[in-house]
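The structure appears right after this line, and notes come after that.
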Amino acid sequence: MKKAVITTLSCLFLAFSMVAPAYARELVAGGQAVGIEINTEGVMVAGVGEVQTEEGSCCPAEEAGLKEGDLIKEINGKKLNGAVELIDLVCEADGEPVRLKVLRDNQIMRFNLQPAKTAEEQWRLGMWLRDSITGLGTVTFYDVETGIYGALGHGISDTATGKVLPIQEGKISDTQIAGVTKGQAGVPGELNGCSDVGKTIGTVEKNTPQGIYGRASIPNGGKHYMTGEMEVGHATILSTVEGREPREYSVEINKVYNEADGERVMLTVTDPRLCQVTGGIVQGMSGSPIIQNGKLVGAVTHVFVNDPRKGYGISIQDMLKTAGIVSDAA
2 MKKAVITTLS CLFLAFSMVA PAYARELVAG GQAVGIEINT EGVMVAGVGE VQTEEGSCCP
62 AEEAGLKEGD LIKEINGKKL NGAVELIDLV CEADGEPVRL KVLRDNQIMR FNLQPAKTAE
122 EQWRLGMWLR DSITGLGTVT FYDVETGIYG ALGHGISDTA TGKVLPIQEG KISDTQIAGV
182 TKGQAGVPGE LNGCSDVGKT IGTVEKNTPQ GIYGRASIPN GGKHYMTGEM EVGHATILST
242 VEGREPREYS VEINKVYNEA DGERVMLTVT DPRLCQVTGG IVQGMSGSPI IQNGKLVGAV
302 THVFVNDPRK GYGISIQDML KTAGIVSDAA
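Following the numbering used here, the numbering of the sequence shown begins with 2 at its first residue and continues without gaps.
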């Protein structure tokens with residue numbers, strides 16, 4: 002995903018059998034680039050810093066024990082809806098101590114902070130705050146039966162802490178790719194898009210390590226695929242690297258392996274057209290569907306920083322499980 006600005010069960014086929022495996026599902030493949038906007042559930046501490054007062058500098062947040070990555074849920078018993086509200090309530094306290102309810106590493110903690118008064122007579126806590134993120138990504142699949150889509154194949158994380166952000170709400174919107182910053186060794190490239198914020202095409206309801214999920218309008222003309230399993234060998238990916246239309250590009254799956262949270266692949270872009278335009282895999286291509294043997298098997302998730310032609314992927318089955326479309330028992 003552009004900075005603010007993602008598995009499959011093995012099966013045994015019997016000779017001449019016409020029955021699809023139990024987990025197989027027909028999906029509309031994505032490949033379209035979309036603008037992504039999410040609001041966090043609470044206010045994230047993006048960093049702490051000094052407050053300049055008439056008596057000198059201090060940092061109430063640091064002194065109280067707050068850390069980068071903490072998620073502020075409440076102030077003085079009031080649930081927070083955004084960073085502006087937090088700032089306003091600190092000002093309204095007019096120098097009185099404020100009580101914060103904070104989520105850190107899945108544990109609730111409470112802090113008392115004494116605001117500091119700046120030389121401009123504004124009350125501050127000494128924190129940089131983040132309550133929303135915007136960026137660019139690629140849709141992996143649409144499920145016609147449920148209206149659920151999946152994108153990115155990885156979570157939207159705080160850039161400072163690497164933690165997947167809990168979200169309150171979000172949306173995806175129609176996007177046109179206007180240019181590409183080509184990737185090169187040591188410098189990840191990125192897609193540059195223009196999102197039509199007035200043309201919302203779906204919601205964001207889940208932000209997980211396996212991608213983002215919600216409900217969206219199913220595009221007309223999207224190609225349908227049955228899901229399948231990944232294997233070493235030739236495959237293709239669907240990506241939009243110019244305009245609005247996804248195109249198919251050749252890749253090679255070099256390795257299939259299992260991690261604690263599911264099946265993964267290592268792959269190499271072999272299509273000279275894509276290498277010429279992007280250098281390989283760039284930010285914004287996360288979620289690009291992987292097609293192999295005529296089936297939708299996974300999605301591109303990450304790029305090798307030192308070699309943009311190489312990257313990682315996640316299996317479609319793990320994305321479907323996270324979306325709640327299929328279960329582990331399937």
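Beta carbons: idealized from backbone N, C-alpha and C, even for Gly.
Q. What does N77 pair with, by DSSP beta-bridge criteria?
A. Partner(s): none; N77 has no beta bridge.
Q.
Please report the straight-line C-alpha distance between I254 and S316, rounded to a whole angstrom.
A. 12 Å
Q.
If I measure Cβ to Cβ from V44 and keep anything under 6 Å in the same chain, skipping five residues before and after, which residues do I get?
A. I73, L81, A84, L87, L130, D132
Q) Per DSSP, which one or two residues make a beta bridge with D308? A) F305
Q. Just how far apart, CA to CA, sit L164 and N208?
A. The question names Leu, but residue 164 in the sequence shown is Lys. Between K164 and N208, the C-alpha separation is close to 11 Å.
Q.
Using 8 Å as the threshold, is the C-beta distance between G190 and A179 below it?
A. no
Q.
According to DSSP, is Q177 part of a helix, a strand, or is it coil?
A. strand
Q) Cα separation between G325 and M128? A) 37 Å
Q: Consult DSSP for E86 and reduce its assignment to one of helix, strand or coil.
A: helix
Q) With contact counted as at least three CB pairs below 8 Å, one residue from each stretch, are the region 199 to 207 and the region 164 to 177 in contact? A) yes
Q: In angstroms with no decimal places, state the Cα-to-Cα distance between C59 and A120.
A: 13 Å
Q.
The beta strand (DSSP E) that contains I39, what's its start and end?
A. 34 to 49
**Q.** Distance, A117 Cα to E232 Cα
**A.** 59 Å
Q: Would you kindly report the start and end of the unbroken beta strand (DSSP E) that includes V29?
A: 27 to 30
Q. Quick one: any contact between the region 241 to 255 and the region 32 to 43, if contact means 3 or more CB pairs under 8 Å?
A. yes
Q. What's the gap between the Cα of T141 and the Cα of G154?
A. 8 Å
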